[in-house]
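Peer 1: Everything in the first sequence is counted per my numbering, starting at 38 for the first residue and increasing by one.
Ideal placement from N, C-alpha and C gives every residue a C-beta, glycine not left out.
None of these values were measured; they are calculated from a predicted model.
Supplied in structure tokens, the structure appears directly below.
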Amino acid sequence: MTVRTRFAPSPTGHVHIGNIRAAIYNWLFARRAGGKYLLRIEDTDRERSTPEAVEAVHAALRWLAIEPDEPPMYQSTRREAHLAAAEKLLSSGRAYREDKGGTGKGECVIFRMPGTDMRFHDEIKGDLVKPAADLKDFVIVRSDGSPVFHLANVVDDIAMGVTHVIRGDDHIENTYRHVALFEALGAPAPRYAHLPMIVNAQGKPYSKRDGAAYVGEFRERGFLADALFNYLALLGWSPGGDRELLSRAEMIELFDFARVQSSPAQFDLRKLLWMNGEYMRRLPLAEREAQHLADLARHGLAPADTAYARRVFEIMGDRIKLFTDTAAQTVYFFTEDYPVDDRAFRKAMAREGAQEHLAEIARRLATAPSFAAADLENLVRAYGEERGVKIGQLVHPLRAAVSGTDVGPGLFEMLETLGRERVAARIARALDRARALAAPAHD
RNA sequence: GACCCCAUCGUCCAGCGGUCAGGACAUCAGGUUUUCAUCCUGGAAACACGGGUUCGAUUCCCGUUGGGGUCGCCA
38 MTVRTRFAPS PTGHVHIGNI RAAIYNWLFA RRAGGKYLLR IEDTDRERST PEAVEAVHAA
98 LRWLAIEPDE PPMYQSTRRE AHLAAAEKLL SSGRAYREDK GGTGKGECVI FRMPGTDMRF
158 HDEIKGDLVK PAADLKDFVI VRSDGSPVFH LANVVDDIAM GVTHVIRGDD HIENTYRHVA
218 LFEALGAPAP RYAHLPMIVN AQGKPYSKRD GAAYVGEFRE RGFLADALFN YLALLGWSPG
278 GDRELLSRAE MIELFDFARV QSSPAQFDLR KLLWMNGEYM RRLPLAEREA QHLADLARHG
338 LAPADTAYAR RVFEIMGDRI KLFTDTAAQT VYFFTEDYPV DDRAFRKAMA REGAQEHLAE
398 IARRLATAPS FAAADLENLV RAYGEERGVK IGQLVHPLRA AVSGTDVGPG LFEMLETLGR
458 ERVAARIARA LDRARALAAP AHD
């Protein structure tokens, strides 16, 4: 029997990280078993299942590169099959019609539970049992003639030949019903694996209130798909030992339900951030460029000279942890209209002799034979020794003067990249600014 | 409330009867660096509790406590 798993989201416009983790496990398990991973869009809620909402599902899967191996099934197209199954259950006596609760809404179709204790084996939770007394009959077709989730879900799983149902453990109670439905429909029940929830710091189901909760948000925030995949895969599953950074091939190789946690896992954005950084630095510079450039463009800073931009990214090293941070961290390389961190600027200029040193260094820079980083460093160091001043006293004001901030790449690489003219102009402007700050306030 | 599930550092995991209880993130203290980031070194930090079983329990069993889930003509 070849393994067939499925991800069956109902399109709501967003794909929650808990759901996508279920998709990841379905994908991993199918790959590991050499089987197929399928997609079924449960779009029976016409209100919410808009084309945009459906597209959001596809977009999320595409981004994470876990698209289905076969064309997706759209549940809304399966109504006839669902109803036919209900008829079959009606004629075999496994279901009956009734105006449940005497609502006056008319008769609905109700599935008759077998009346015996039910049990099933869960790959993650173990053997689960429920006494007959706790298993009540339930509606499978509403009085308005529409099929209910349980019926549709089971009928479609049969149609798709699903062998393993891997989903959130909020479905555990439903599983007894589903198993009974499979049996009544004369189909073998699939194997089940119920995943624990992803929770917040309070132990409650992780929701939008707790921060980014949807796949699209992580994408927009500049996270790498592979990093999110890796993080989510390890949130509740471990390959054993101390391994954390794994390629997809390795995860497929190692995936096993026996190593899936059966207790809830708390989502930790800081660890995701760290992991994203790890993936980021492993990315070839060439691949990073497009992303950095895209962020600059988003902020209206698209550089005319990409070779120059490339140098900027290079000297930034691994300081940029998120592609959405590129513009913010490199503005001053791409415009003269960059923000100045007032606190950092004042602090740097308050150093003893800062302005005097700056003015003299500017003079020497203007006539420096070379503007290469190493030569600039020698120049500044020489000046420092000459005046008996520690280099830090010179470097900090210089940095603040040319970048408006106190963080960034190595100062001399920065000066070289910025170029002689801009450095000169900025130092002059910074000196004016410093003088203005020092001048007594008047109104 | 009923039924079910769960329980190792703050967090995610390792451990599958005998370990100085390990790693990662976060955190703290140093070091390297012109800043930041990186990097290096070191520290603090956990087996919820009570009974069993056993020569021996973090590990197996049962309770307690705590947390979570489910109880729709939603999915």
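1) Measuring CA to CA, which of Ala-339, Ser-440, Tyr-111 and Phe-360 is closest to Asp-379?
2) May I have a chain-ordered list of the alpha helix (DSSP H) segments no shorter than 4 residues that lie completely inside the segment 238 to 274?
3) For His-158, does the three-state DSSP call read helix, strand or coil?
4) Could you give the residue range of the alpha helix (DSSP H) that holds Leu-306?
5) Considering only C-alpha positions, which residue in the set Asn-56, Gly-50, Ser-47 and Pro-48 is nearest to Leu-272?
6) In whole angstroms, give me the CA-to-CA distance for Pro-48 and Val-192.
7) Have a look at Ser-129 and Gly-278 and give me their C-alpha separation to the nearest angstrom.
8) Under the assumption that Leu-188 contacts Ile-177 (Cβ atoms under 8 Å), give the Cβ distance between them as a whole number of angstroms.
9) Take Ala-132 as the anchor and find which of Arg-116, Lys-142, Gly-152 and Gly-141 has the nearest alpha-carbon.
10) Can you tell me whether DSSP reads Gly-143 as helix, strand or coil?
11) Am I right that Ala-43 and Leu-75 are in contact with their C-beta atoms under 8 Å? What's the rounded C-beta distance?
12) Mind checking which residues open and close the beta strand (DSSP E) that includes Gly-163?
13) Please name the residue, chosen from Tyr-229, Leu-310, Val-202 and Gln-298, that lies closest to Ala-249 on a Cα-to-Cα basis.
14) Using beta-carbon positions only, say whether Leu-525 and Leu-468 come within less than 8 Å of one another.
15) Helix, strand or coil for Thr-39? Go by DSSP, reduced to three states.
16) From this set, Val-236, Pro-227 and Ser-407, which residue's C-alpha is nearest Thr-212's C-alpha?
17) Note down, in chain order, each residue of its chain lying with its Cβ closer than 6 Å to the Cβ of Pro-446, except the 5 sequence neighbours on either side.
18) With a threshold of 7 Å on Cβ separation, who are the neighbours of Met-38 within its own chain once the five nearest residues in sequence on each side are excluded?
19) Hey, Thr-367 and Gly-259: beta-carbon distance below 8 Å or not?
20) Check this for me: beta carbons of Pro-233 and Asp-206, under 8 Å apart or not?
21) Could you tell me which uninterrupted alpha helix (DSSP H) segments, each at least 4 residues in length, are contained entirely in the segment 358 to 421, listed from first to last along the chain?
22) Would you mind stating whether Ala-264 and Met-312 have Cβ atoms separated by less than 8 Å?
23) Taking only runs that begin and end inside the segment 157 to 238, name each unbroken beta strand (DSSP E) of 3 or more residues, in chain order.
24) Am I right that Gly-50 and Glu-89 are in contact with their C-beta atoms under 8 Å? What's the rounded C-beta distance?
25) Straight-line CA distance for Asp-480 to Leu-474?
26) Leaving out five residues before and five after Glu-414 in sequence, what residues of the same chain have Cβ atoms less than 6 Å from its Cβ?
27) Please determine, among Val-146, Val-52, Phe-175 and Ile-398, the residue with the shortest C-alpha to C-alpha distance to Ala-462.
28) Closest by CA to Glu-254, which one among Arg-99, Glu-458, Val-52 and Ala-465?
29) Quick one: Cα of Phe-408 to Cα of Thr-454, how far?
30) List the endpoints of the continuous beta strand (DSSP E) containing Ile-78.
31) When burial is assigned at 16 or more other CB atoms within 10 Å of the CB, is Gln-328 buried or exposed?
32) Quick check on the burial criterion: 16 or more other C-beta atoms within 10 angstroms. Buried or exposed for Lys-73?
33) Should His-433 be labelled buried (16 or more other beta-carbon atoms within 10 Å of its own) or exposed?
34) Who are the Cβ neighbours of Glu-144 in its own chain at under 7 Å, not counting the five residues just before and after it?
35) Please tell me whether Phe-157 and Leu-218 are closer than 8 Å, where the distance is taken between their beta carbons.
36) With DSSP as the reference, identify every bridge partner of Gln-303, one or two as the case may be.
Peer 2: Quick look at the numbers:
1) Taking the first residue of the first sequence as position 1, residue 379 is located at position 342. Nearest option by C-alpha distance: Ser-440.
2) 252 to 257 and 262 to 271
3) Here the question's residue 158 lines up with position 121 in the first sequence. Strand at His-158.
4) The residue you call residue 306 lines up with position 269 of the first sequence. It spans 306 to 319 - the alpha helix (DSSP H) in which Leu-306 sits, taken as one unbroken run.
5) Within the first sequence, numbered from 1, the residue matching residue 272 stands at position 235. That would be Asn-56, whose Cα lies nearest to the Cα of Leu-272.
6) The sequence position of residue 48 within the first sequence is 11, counting from 1. The sequence position of residue 192 within the first sequence is 155, counting from 1. The straight-line gap from Cα to Cα measures roughly 19 Å.
7) Walking along the first sequence from the start, residue 129 turns up at place 92. Walking along the first sequence from the start, residue 278 turns up at place 241. Cα to Cα, the separation comes out at about 52 Å.
8) As a first step, residue 188 is located in the first sequence; it is residue number 151 there, counting from the start. As a first step, residue 177 is located in the first sequence; it is residue number 140 there, counting from the start. Going by Cβ atoms, the distance from Leu-188 to Ile-177 rounds to 4 Å, so yes, they are a contact pair.
9) Here residue 132 corresponds to residue number 95 of the first sequence, with the count starting at 1. It is Gly-152 whose Cα lies nearest to the Cα of Ala-132.
10) Within the first sequence, numbered from 1, the residue matching residue 143 stands at position 106. Correct three-state label for Gly-143: coil.
11) Position 6 of the first sequence, counted from the start, is the residue given in the question as residue 43. Position 38 of the first sequence, counted from the start, is the residue given in the question as residue 75. A small fix is needed here, since residue 43 is Arg in this sequence, not Ala. Indeed, because the Cβ distance is near 4 Å, the residues count as touching under 8 Å.
12) Position 126 of the first sequence, counted from the first residue, corresponds to residue 163. Gly-163 -> beta strand (DSSP E) spans 163 to 167.
13) By one-based count along the first sequence, residue 249 stands at place 212. Ranking Tyr-229, Leu-310, Val-202 and Gln-298 by Cα distance to Ala-249 puts Leu-310 first.
14) Any property of residue 525 remains undetermined from this structure, which presents the chain solely from 38 to 480.
15) The sequence position of residue 39 within the first sequence is 2, counting from 1. Of the three classes helix, strand and coil, the one that applies to Thr-39 here is coil, per DSSP.
16) One-based indexing of the first sequence puts residue 212 at position 175. Among Val-236, Pro-227 and Ser-407, the Cα nearest to that of Thr-212 is on Pro-227.
17) In the first sequence, residue 446 corresponds to position 409, counting from 1. Counting only Cβ-Cβ distances below 6 Å, and skipping sequence neighbours, we find Ile-352 and Met-353.
18) Residue numbering aside, residue 38 sits at position 1 when the first sequence is read from its first letter. Taken in chain order, the residues that qualify are Thr-200.
19) Locating residue 367 in the first sequence gives position 330, counting from the first residue. Locating residue 259 in the first sequence gives position 222, counting from the first residue. Against a cut-off of 8 Å, the Cβ pair of Gly-259 and Thr-367 comes out as no contact.
20) Position 196 of the first sequence, counted from the first residue, corresponds to residue 233. Position 169 of the first sequence, counted from the first residue, corresponds to residue 206. Cβ atoms of Pro-233 and Asp-206: closer than 8 Å.
21) 363 to 371, 379 to 386 and 391 to 404
22) On the first sequence, residue 264 is found 227 positions in, with the first residue counted as 1. On the first sequence, residue 312 is found 275 positions in, with the first residue counted as 1. Taking 8 Å as the Cβ cut-off, Ala-264 and Met-312 qualify as a contacting pair.
23) 163 to 167, 175 to 178, 201 to 205 and 228 to 232
24) Counting from 1 along the first sequence, the entry for residue 50 is found at position 13. Counting from 1 along the first sequence, the entry for residue 89 is found at position 52. Confirmed, Cβ separation roughly 7 Å.
25) Here residue 480 is taken as the residue at index 443 of the first sequence, counted from 1. Here residue 474 is taken as the residue at index 437 of the first sequence, counted from 1. Reliability of the predicted coordinates at Asp-480 is poor, the pLDDT of 46 falling under 50, and no value is obtained from them.
26) Walking along the first sequence from the start, residue 414 turns up at place 377. So the qualifying residues of the chain are Phe-449.
27) In the first sequence, residue 462 corresponds to position 425, counting from 1. Measuring from the Cα of Ala-462, the nearest candidate turns out to be Ile-398.
28) Residue mapping note: residue 254 aligns to position 217 of the first sequence, counting from 1. If we check each option's Cα against that of Glu-254, Val-52 comes out closest.
29) Indexing the first sequence from 1 puts residue 408 at position 371. Indexing the first sequence from 1 puts residue 454 at position 417. Whole-angstrom Cα-Cα distance: 9 Å.
30) Within the first sequence, numbered from 1, the residue matching residue 78 stands at position 41. Ile-78 -> beta strand (DSSP E) spans 73 to 78.
31) Translated into positions along the first sequence, residue 328 becomes position 291. Buried is the call here.
32) The residue labelled residue 73 in the question sits at position 36 within the first sequence. Its Cβ being crowded by 16 or more others within 10 Å, Lys-73 is buried.
33) Translated into positions along the first sequence, residue 433 becomes position 396. Per the 10 Å Cβ criterion, buried.
34) Position 107 of the first sequence, counting from 1, holds the residue named residue 144. If we look at Glu-144 and ignore the five residues flanking it on each side, its Cβ neighbours are Arg-134, Glu-135, Asp-136 and Ser-180.
35) Mapped onto the first sequence, residue 157 falls at position 120. Mapped onto the first sequence, residue 218 falls at position 181. The answer is no: Cβ separation not under 8 Å.
36) Locating residue 303 in the first sequence gives position 266, where the first residue counts as 1. Its beta-bridge partners are Val-236.
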